[in-house]
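Numbering (this note's numbering), first residue to last: 18 to 103. Glycine included, each C-beta is placed from N, C-alpha and C at the ideal position. Written below as structure tokens is the structure these notes are about.
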Amino acid sequence: MNSTSWYEVTEGSDLLQGDLLPRCPIFRLATELQWPPATDAATTLQAAALDLVVMTQSCDLANDKVDAVLVAQYLSWPEVVRLQAA
């Protein structure tokens, strides 16, 4: 890490807490599900590419203690300001 940045770019297959996953593909439901769901209800998915940050603890990831990885959407400060102004 150099003196002008607070982050570093890493390479490899290990996933760690705090890793940024730029333009990571995600899929979400296109509409809200009704409860209880109808037996013949059709569901469609929407695809998106979001910048995500890994929230799951590195020790749990390294020791295979989790079945799923928790991520959160990363927004830059200018993007947050733009969204709040809208």
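Within the continuous alpha helix (DSSP H) that includes residue i, where are the two ends?
{"i": "Q90", "result": "Not the alpha helix (DSSP H): Q90 falls in the beta strand (DSSP E), residues 88 to 90."}
{"i": "D77", "result": "75 to 79"}
{"i": "P54", "result": "That residue, P54, is in no alpha helix (DSSP H); it is neither H nor E in DSSP."}
{"i": "E106", "result": "Outside the shown range of the chain (18 to 103) lies residue 106, about which nothing can therefore be said."}
Based on Cα-Cα distance, which residue from the options lies nearest to residue i?
{"i": "P39", "options": "S75, T61, W94, A66", "result": "A66"}
{"i": "D36", "options": "D84, W52, A58, E25", "result": "E25"}
{"i": "I43", "options": "V83, D68, W52, D77", "result": "D68"}
{"i": "S30", "options": "L78, S22, R99, L50", "result": "L78"}
{"i": "A47", "options": "T61, E96, T27", "result": "T61"}
{"i": "L32", "options": "Q63, T73, A64", "result": "T73"}
Tell me which residue opens and which closes the beta strand (DSSP E) that residue i is part of.
{"i": "L32", "result": "Element bounds for L32: n/a, residue is neither H nor E."}
{"i": "V70", "result": "62 to 71"}
Taking all protein chains shown into account, decide if residue i is buried (16 or more other Cβ within 10 angstroms of its Cβ) or exposed.
{"i": "V71", "result": "buried"}
Check: Any chance the stretch 51 to 63 sits against the stretch 83 to 99, with 3 or more Cβ pairs inside 8 Å?
Finding: The stretch 51 to 63 vs the stretch 83 to 99: no contact.
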